[in-house]
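Under the UniProt record's numbering, think of the first position of the sequence shown as 1, with each following residue one higher.
Every residue gets a Cβ at the ideal spot worked out from N, C-alpha and C, and that includes glycine.
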Amino acid sequence: MSEQPLRICIVGGGFGGLYTALRLTQFPWEGDQTPEIILIDKSDRFLFTPLLYELITEEMQTWEIAPPYEELLAGTAIRFHQGCVTNIDIENQQLQLDNHHSLHYDRLVLAMGGKTPLDNFSGVKDYAIPFRTLEDAYRIKERLRLLEEKEAEKIRIAIVGGGYSGVELGCKLADRLGDKGRIRLVERGEKILSSSPEFNQEVAQTALESRRVFIDLETEVTQVTSDSISLAYKGKIDTIPVDLVLWTVGTQVIDMVKELPLEKTSKELLKINSHLQVIDHPEIFAVGDLAACYDESKNLIPATAQTAFQQSDYCAWNLWASITHRPLLPFAYQPLGEMMALGVDNATLSGLGVNLDGPFGYMARRLIYLYRLPTLKHQINVGINWITKPLTEFFS
1 MSEQPLRICI
11 VGGGFGGLYT
21 ALRLTQFPWE
31 GDQTPEIILI
41 DKSDRFLFTP
51 LLYELITEEM
61 QTWEIAPPYE
71 ELLAGTAIRF
81 HQGCVTNIDI
91 ENQQLQLDNH
101 HSLHYDRLVL
111 AMGGKTPLDN
121 FSGVKDYAIP
131 FRTLEDAYRI
141 KERLRLLEEK
151 EAEKIRIAIV
161 GGGYSGVELG
171 CKLADRLGDK
181 GRIRLVERGE
191 KILSSSPEFN
201 QEVAQTALES
211 RRVFIDLETE
221 VTQVTSDSIS
231 LAYKGKIDTI
241 PVDLVLWTVG
251 TQVIDMVKEL
261 PLEKTSKELL
271 KINSHLQVID
281 HPEIFAVGDL
291 AACYDESKNL
301 IPATAQTAFQ
311 QSDYCAWNLW
321 ASITHRPLLP
331 FAYQPLGEMM
341 ALGVDNATLS
351 GLGVNLDGPF
361 GYMARRLIYL
371 YRLPTLKHQI
381 NVGINWITKP
391 LTEFFS
């Protein structure tokens, strides 16, 4: 009887997980070394998170930014399993699934991402909506629809967090709501986008101001209720009426990762070596939000889609190399800059010596993300839609 092929289980189908799986199928596996690749995710769809904002303004459709795994993996040797991993038996190399089935693995990739912490302040978990998943975007769109149907004079929205998500949401919502929108951006720091290039900070500040988005700096949230938010500024607390609170602050490791008997940092991130392998467990790789990954200067690399995208190439190579007895490669992060959507048909891009904003920034961002969509077939379908949509709207 022939031996069973090695099994690679990838838990989490985001940038780190899906792109690792797809890259693995491109390597020249030799006969009996060809592994079984299983991708596990609780959703039936991949989510291209940097374009999630476009759902709010209906610039893009769900199928474009969240294609089904079944469609993306068609014609590949990758098996997709929709479900949740409820436990990982590290010693026996077993995954326990929520349908009471278990899977043995020879190599394991942990790529489950993180979650937005909602239990740090009173009322946040009950009344605020995070912005991380497709379901979050749907909830926000439904709330906006109901508010717009009421035909109120103003729709009051508070966005907590002056980072990328908060700024992009603020601009998109301002463009969607127009004069009816009364949008407030709350940031505890001294400025928005504190880690961004100066060019992007200035362009974003101008975009927010031109859309009349209020910016509250050095301000903290003390409480959220069904129709208000309480803000503390220099010792004084003000309670402001709101119709909707959006929470974009922070990333937290999911509970299952916290419980794993693996080495972690003080923030519960998994400790990994330069090859993206979990410390003391070379059969386990970790990428994305749940791993503490450092650059050559020992600085923590930001947990962004760009980072996970780059990690997936190295993770796939090192999985292949570990099975085919080739040298593993240390992860080398390349900061390629950053891009942000700043409303409808407007974006900013800064990186590799290039600064763009306005319509040119918007086009550059669109083209770069089109190239980064997971498969050539999906890139072509989305690209054709982007080209034909304006013509269809013009002649309709």
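- Apart from sequence neighbours up to five positions away, the residues of its chain that approach Gln-201 with a beta-carbon distance below 8 Å are Lys-191, Ile-192, Leu-193, ordered along the chain.
- Taking C-beta atoms as the reference points, Val-11 and Val-109 count as a pair closer than 8 Å.
- Nearest in C-alpha terms to Glu-59, of all of Cys-9, Asp-106, Val-344, is Val-344.
- The three-state secondary structure of Ala-308, taken from DSSP, is helix.
- In this structure the stretch 324-339 lies against the stretch 264-275, because at least three pairs of beta carbons, one per stretch, are closer than 8 Å.
- Taking a contact to require three or more Cβ pairs closer than 8 Å, the stretch 170-189 and the stretch 142-160 qualify as touching.
- Our two residues, Leu-169 and His-81, have alpha carbons roughly 32 Å apart in a direct line.
- Our two residues, Trp-29 and Ile-284, have alpha carbons roughly 20 Å apart in a direct line.
- Cβ neighbours of Arg-132 within its own chain (closer than 6 Å, five residues either side excluded): Thr-116.
- Linking Met-363 to Met-340 through their CA atoms gives a straight-line distance of about 12 Å.
- Per DSSP, Trp-63 lies in no beta strand (DSSP E) segment; the continuous alpha helix (DSSP H) that holds it begins and ends at 62-65.
- Membership of Phe-199 in the alpha helix (DSSP H) is indicated by the continuous run 198-210.
- Of Pro-390, Thr-388, Ala-305, the smallest CA-CA separation from Leu-373 is found for Ala-305.
- Contact check for Ile-237 against Ser-228 fails: the beta carbons are separated by 8 Å or more.
- Taken atom to atom, the span from the alpha-carbon of Gly-250 to that of Asp-126 is near 17 Å.
- Taking C-beta atoms under 8 Å as the contact rule, Glu-64 and Val-382 qualify, at a distance of about 5 Å.
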